[in-house]
Structures are given as C-alpha cells and as structure tokens.
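In the working numbering, the protein residues as written are 2 to 204.
Written out as structure tokens, the structure reads:
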C-alpha cells in the first residue's frame, strides 16, 4: 500500500482544491512555462475559443523570438511547442476542427524560424513538428476544407520545407485532398517548377 506521502493523484486530491490552488500559484511563481500551462487549463474551463486565443498568442510570441536556444533551454522549448500542439489537438479540435486546422498551419509555420535558432541534433524539435503534420491529416479530414484551398496551403508549405518538416505532408493530407485537391496540387507544383528563376537567384 502506497504511503500517504507518495506523490500520486489520489494523495494530492486529499489536500483539497484550495490548498492545491495555493501550491500551484507558489510553484509557478517565476516559472513562465508553468504559468502558460495553467493559463491554458483555465482557458479550457471557459471555452475552446479561449484556448485558441491563448495558443495563437503564444505561437505569435514564439515566431517573434530571435535569441538562440542553447542546450540548457532546449528541453523547455520542446515542452513549450508540444504543449501548444496538444492544446490544439485536445482542446480545440474536438469542437472546432476548422479553427484547429488554422492553428496547426500557424504552428507548422514556426518550424523554419525555430530551427534557425536552435541545435536539434537530438531530433526532439523535428519530432514535435512531425507529430503536428500527422495531426494535421486527422484534423483536415474532420474539418473537410475546400480541396483546392487545401492544395494551395500544401503547395505554399512545400516551398518552405527547409528542414524536412513537410516531408510527409502530401502523404498525410492525401485523404483530405482527394482526387480534386491532388490534381490541383500537381498543377500548382508543375507551374511553379516551370516558372523562370528570378534574376540573381541560383537555381
């Protein structure tokens, strides 16, 4: 039988909501990541729309960041990214897959700027983005976006596949694209490949 001092959900429940709330405030003081997580949970009690607003705010902040992420902050970056991804999947997508799809595209759009300011030799950052691409396929099937519009989104993403984050994008989104979307994507990419290279750009 586990001791009453063992850290588990049952023992913590015995402390009661007021004491747990006090402890969470105390433990999150000075911990930005913990505060963001708590805000997401509070937003979830209001509405999925509130969660979406919190996620969008955080994604915008990550996109604006310019400082290099050294090894001491690498794990925190991965945790932050995965927290936002999970919030989209678990709290927004079930009731609003269209909004979740938009947020996932915004999330994936962070990839290049994130990779430019960190060393991902461990592969943990690309792992989060790979999972987001997989999530994108499931959510796109639920959201049922216009196939032509989805194809254009895919084409736009593929032109910025600098770190391989979109390698599996077509395969993942093929069911949602359907025949119409795949044909439009093919035409779009063919036209792009045949377009003249701008002067000063090395082909």
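For each residue, glycine too, the CB sits at the ideal point set by N, CA and C.
Original post:
Would the C-beta of residue 81 count as close to the ligand MG, meaning under 7 Å from any of its heavy atoms?
Top reply: This structure does not include the ligand MG; it has no bound ligands of any sort.
Subject >> residue 66 versus residue 16 - alpha carbon distance >> reply: Each residue's alpha carbon lies about 39 Å from the other.
**OP:** Return the Cβ separation of residue 70 and residue 119 in integer angstroms, given the expectation that the two are a contact with Cβ distance under 8 Å.
**Re:** Confirmed, Cβ separation roughly 4 Å.
**OP:** Please state if the CB of residue 115 and the CB of residue 83 are separated by a distance shorter than 8 Å.
**Re:** Cβ distance not < 8 Å, so residue 83 and residue 115 don't count as in contact.
**OP:** Name the residue from 97, 28, 87 and 159 whose alpha carbon lies nearest to the alpha carbon of residue 143.
**Re:** Of the listed residues, the one whose Cα sits closest to residue 143 is 97.
**OP:** Can you grab the Cα-Cα spacing for the pair residue 137 / residue 95, in whole Å?
**Re:** Here the C-alpha atom of residue 137 lies approximately 13 Å from the C-alpha atom of residue 95.
Original post:
Is residue 40 near residue 55, with beta carbons less than 8 Å apart?
Top reply: In contact: residue 40 and residue 55 (Cβ atoms closer than 8 Å).
Subject >> Backbone CA spacing between residue 79 and residue 172 [nearest angstrom] >> reply: C-alpha separation (whole angstroms): 25 Å.
Subject >> Check whether residue 60 and residue 109 have beta carbons under 8 Å apart >> reply: For residue 60 and residue 109, no; Cβs fall outside 8 Å.
Subject >> Residue span of the alpha helix (DSSP H) that contains residue 12, given as start and end >> reply: Note, residue 12: alpha helix (DSSP H), 10–14.
Subject >> With 16 other Cβ atoms within 10 Å as the buried cut-off, status of residue 181 >> reply: In summary, residue 181 is exposed, with fewer than 16 beta-carbon neighbours lying within 10 Å of its beta-carbon over all protein chains present.
**OP:** Give me whichever residues DSSP pairs with residue 70 in a beta bridge.
**Re:** Note: residue 70 sits in a beta bridge opposite 119.
Original post:
Do you know offhand how far residue 170's Cα is from residue 99's?
Top reply: Between the alpha carbons of residue 170 and residue 99 lies a distance of about 18 Å.
**OP:** Determine the DSSP secondary structure at residue 166, reduced to helix, strand or coil.
**Re:** Of the three classes helix, strand and coil, the one that applies to residue 166 here is coil, per DSSP.
**OP:** Please report how far the alpha carbon of residue 9 lies from the alpha carbon of residue 134, in whole angstroms.
**Re:** Rounded to whole angstroms, the gap between the alpha carbons of residue 9 and residue 134 is 33 Å.
Subject >> Option in 32, 24, 101 and 149 with minimal Cα separation from residue 74 >> reply: Of the candidates 32, 24, 101 and 149, the one whose C-alpha sits nearest the C-alpha of residue 74 is 32.
Original post:
Quick one: what does DSSP say residue 111 is sitting in, helix, strand or coil?
Top reply: Reduced to three states, the DSSP call for residue 111 is coil.
Original post:
residue 174: which of 192, 151, 92 and 24 sits nearest, CA to CA?
Top reply: For residue 174, the nearest C-alpha among the options comes from 151.
Original post:
Nearest to residue 44 by CA position, among 164, 91 and 72, is which residue?
Top reply: Here the closest residue by C-alpha is 91.
Original post:
Per DSSP, what kind of secondary structure is residue 31 in: helix, strand or coil?
Top reply: Residue 31: coil per DSSP, three-state reduction.
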